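Notes follow the structure.
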Amino acid sequence: MAEVDIKKLNVWFKDNHVLKDLSFTIKENAVTAIMGPSGCGKTTFIRAIDRMNEIISGSRTTGEIYIDGINIYDENTNVYELRRKVGMVFQKPNPFPKSIFENVAFGPKIHKIANGKEIDKIVEKSLKEAALWEEVKDRLNDSAFSLSGGQQQRLCIARALAVEPEIVLMDEPCSALDPAATAKIEALIRELGEKYTVIIVTHNLQQAARVSDFTAFLYVGKLVEYGDTKNLFENPKSELTEKYITGEFG
Amino acid sequence: MTSRIKEKVFFTILGIPMVACLLVFFWIVFVLSSGIGTLSWNILTTSVLKGGIFEMIIGTIYLLLGAAGIAGPIGILAAVYLVEYAPSGKLTRTIDQAINNLAGVPSIVIGLFGLTFFCKQLGLGISLGAGWLTLTLMILPIVIRGTEEAIKLVPTSFKEAALALGTTKWKAISSMTIPSAAPGIITSVVLGMARVAGETAAILFTSCVLVTRGLPTTPLDPVMALAYNLFVKIVALGEPPEKVFGIALVLFFIVIFFATAAIVLRIYYRRRQPWLR
Chain A
24 MAEVDIKKLN VWFKDNHVLK DLSFTIKENA VTAIMGPSGC GKTTFIRAID RMNEIISGSR
84 TTGEIYIDGI NIYDENTNVY ELRRKVGMVF QKPNPFPKSI FENVAFGPKI HKIANGKEID
144 KIVEKSLKEA ALWEEVKDRL NDSAFSLSGG QQQRLCIARA LAVEPEIVLM DEPCSALDPA
204 ATAKIEALIR ELGEKYTVII VTHNLQQAAR VSDFTAFLYV GKLVEYGDTK NLFENPKSEL
264 TEKYITGEFG
Chain B
116 MTSRIKEKVF FTILGIPMVA CLLVFFWIVF VLSSGIGTLS WNILTTSVLK GGIFEMIIGT
176 IYLLLGAAGI AGPIGILAAV YLVEYAPSGK LTRTIDQAIN NLAGVPSIVI GLFGLTFFCK
236 QLGLGISLGA GWLTLTLMIL PIVIRGTEEA IKLVPTSFKE AALALGTTKW KAISSMTIPS
296 AAPGIITSVV LGMARVAGET AAILFTSCVL VTRGLPTTPL DPVMALAYNL FVKIVALGEP
356 PEKVFGIALV LFFIVIFFAT AAIVLRIYYR RRQPWLR
C-alpha cells in the first residue's frame, strides 16, 4: 500500500522527449491502467516508477515521484530498496533459467528477507498469491521453462511478490498470452489490487475497462485524461479520449 | 540447360571443396597412421631418457592446462567488462580492434615477444611459466571473443528481471548472465586450448628444451613438448620424417581431442539452453 505521487515528470532518451510534464497521483490499493496508442510512453512511464529507465544509456529524467512521501529521484534514495518495494512484471514472461522454486526464492535470498525454512514458506505464499501453487506444488524443482506461457507469467508475478513489494508494475502482462491465460491473469490482477497498488500498462481498451479502478490516458507523452475508469469510459472529458475509446484511432 | 541440370551442376561444384577437405583429412590420418607401428603403450609411458616420450606428452598437457588456467579467468573478466561495463566509445572500439588484431599476429612473432619480455625482461628464462604466458597471448583473443558472444546471446530479460527485483548490477551479471553464458564460455576456453594444443612457434624460444631430467617441478623449469620435439628432430637433427610420425600422431590426437571436446560441449549445452533454440 503506497500512493504514487508524480510531479512534472519528464523523460528523454537522447534527444527524444518521451514523457512531457506528467503530474498526477495514483491511488493506493487499487488497479490503475495506463492506456494509449503504441509509442505514447506507457512503458517508459511505469519504468520511471522503479527507475528502470536509467539502465538504458542516454536516458534522462527530471521531476519527482513520491512514494510514501519520499522522492525516489532524490540522490539519497537507495535504488535497490526502491526496486524491492516496487515490483515489475514484464511484457513477455521472462523467468530465470532456474527451477520454479529458485525463481521465486531469488529475490528473498538477495534481500536476505528470509533463510532456510522461511524461504520455503515465502515461496509457497507467493505462488499461492499468484494462483499458481496448485499447478506446480509437486514439481517445484522442474525448470521454469517447462511451464506454459501463462504459467510462466504467473511465476513472474509470484517472483515479484516474493520480495514483499507495495507496488506492482505490469507492462502489458497479457500481450504474449492466449485468451484463457489472459483471463486468469486478469482475475489475478483484480485480486492483487486489493492488497497492492497495481499499475498496469495496456493498449487493450477492454482490458483496461475490465481490470482497473482508475485509468490514465497518455498520448504522445502527455497525460490527456485521468480518472475513475467507469467515468472515463462512459463520459470522457477530452475529445481525444473519446476518439480513442470509440476506436477512431489507436 | 534445364534448371534441374543447372541445380545439379551447381550443387556438385559447391560440394567439391568439402570432398577435398575430407580427402586431405583422411590422407593425413593415413600418412600418420604409418607411425602407429612405432608407438606402443610402453613408449607412451616410458621416460625420454629410456627411449619413450612420456615427458613430452605430459609437458604438452602441462603447457596447455597452465595457459588455459591463466587465459581463462583473464579473458572471461575482460569480456564481461567489455560487454557490460565499458562505455561505448572510441577507446572501447580501439581495444576491441586490438583484440581482433592480437588473434591475427603470427605465432612466431608472439614467441619472439615472449622470449624478449617474459624470458628476458621478467627474468623467467626458458621455462614452463614463460610458455604459459606466451600461449596465454594466443588463447586470450579466442576466449574474449567467445565469451563476449556467449554473453550477448543471453537474453537481456534475465538481467532486467534481476535488476527489477532490486539486485545490484554485478549481482545480476554474476547470478544470471554469467551462469547462463557459462556453456559458451567453457566452449571458448576449450577452443582456445585446441588452437594452441599443437602450437610450436610460441613455445619454441620460450619454454622448451629437447631433453629434461624428469618432469618440471616448478613453473621456472623448462619443459619438453611433442611439437617442439618434432621441430628439432626434423630441422636440427635432420632425421627422416617417417621416424617422427608416431610423435606427430600423438600430437594430432591431442589436438583432435580438444577440438572434439569443444564441439561435444557446445551440442550438450545447447540442449540445456532453450532460449538458444
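Heads up: the protein sequence lines correspond to chains A and B, in order.
Numbered according to the working numbering, the first sequence spans residues 24 to 273.
Numbered according to the working numbering, the second sequence spans residues 116 to 392.
Here a beta-carbon is modelled for each residue, glycine too, at the ideal position from N, C-alpha and C.
Note that the coordinates shown come from a computational prediction; the quantities given were computed from them, not determined experimentally.
- Query: Are A:Thr66 and A:Val224 close, meaning C-beta to C-beta below 7 Å?
  - Reply: The answer is yes: Cβ separation under 7 Å.
Compute the Euclidean distance between the alpha carbons of A:Ile72 and A:Lys121, then round it to the nearest angstrom.
Rounded to the nearest angstrom, the two C-alpha atoms are 28 Å apart.
Are B:Ile225 and B:Met253 touching if we call contact CB-CB under 7 Å? The beta carbons of B:Ile225 and B:Met253 sit closer together than 7 Å.
Contact list for A:Ile78 against chain B, beta-carbon separation under 9 Å: The contacting residues are Lys274, Glu275, Leu278 and Lys284.
Could you check the C-alpha separation between A:Arg233 and A:Leu211 for me, to the nearest Å? So the alpha carbons of these two residues sit roughly 12 Å apart.
Straight-line Cα distance separating B:Val304 from A:Lys245:
The straight-line gap from Cα to Cα measures roughly 51 Å.
Checklist entry - Counting along the chain, where does the alpha helix (DSSP H) carrying B:Lys284 start and finish? => result Lys284 to Ala287 is the span of the alpha helix (DSSP H), which, as asked, contains B:Lys284.
* Considering only the beta carbon of each residue, do B:Thr249 and B:Thr321 sit closer than 7 Å? -> Yes, Cβ-Cβ distance for B:Thr249 and B:Thr321 is below 7 Å.
Item to complete: Mind listing the chain B neighbours of A:Lys218? Cutoff is C-beta to C-beta under 7 Å, in chain order.
Response: Residues of chain B with a Cβ closer than 7 Å to the Cβ of A:Lys218 do not exist, since the nearest Cβ in that chain sits about 19 Å away.
Please list, in chain order, the chain A residues whose beta carbon lies closer than 9 Å to that of B:Ser295. Within chain A, Phe119 and Pro120 have C-beta atoms less than 9 Å from the C-beta of B:Ser295, given in sequence order.
Could you say which of A:Asn99, A:Gly216 and A:Arg177 lies nearest to A:Ala199 if we only look at CA atoms? The option with the nearest alpha carbon to A:Ala199 is A:Arg177.
Can you check whether the C-beta of B:Gly281 is within less than 7 Å of a C-beta belonging to chain A? With respect to chain A, the C-beta atom of B:Gly281 has a partner C-beta closer than 7 Å.
TODO: Output yes if chain B places a C-beta closer than 7 Å to the C-beta of A:Arg107; else output no.
DONE: With respect to chain B, the C-beta atom of A:Arg107 has a partner C-beta closer than 7 Å.
Neighbourhood of B:Thr160 by C-beta, 6 Å cutoff - its chain only, sequence neighbours within 5 removed
Around B:Thr160: Phe169.
- Query: Can you tell me whether DSSP reads A:Asp44 as helix, strand or coil?
  - Reply: DSSP places A:Asp44 in strand when its eight states are reduced to three.
message = Looking at B:Val359: is its Cβ nearer than 7 Å to the Cβ of B:Lys348?
response = At a Cβ-Cβ threshold of 7 Å, B:Val359 and B:Lys348 count as neighbours.
Margin query: 7 Å is my cut-off, CB to CB: does A:Val186 come that close to chain B?
Written below: At least one chain B Cβ lies under 7 Å of A:Val186.
**Item:** Beta-bridge partners of A:Ser82, as assigned by DSSP
**Value:** For A:Ser82, which the question treats as bridged, DSSP gives the partners A:Phe36.
- Do we get a CB-CB distance below 7 Å when we pair A:Gly6 with the residues of chain B? An answer regarding residue 6 of chain A cannot be provided, because it is not within the stretch 24 to 273 covered by chain A.
Taking CB distances under 7 Å as the criterion, tell me whether A:Tyr96 reaches chain B.
By this cut-off, A:Tyr96 is not an interface position.
Note to self: Given a cut-off of 7 Å on the beta-carbon distance, is the pair A:Val109 and A:Ala183 in contact?
What the structure shows: In this structure, A:Ala183 does not lie closer than 7 Å to A:Val109 by Cβ.
| Buried or exposed: which applies to A:Thr274, given that a residue is buried once 16 or more other Cβ atoms fall within 10 Å of its Cβ? | No answer is possible for residue 274 of chain A: it lies beyond the span of chain A, which begins at 24 and ends at 273.
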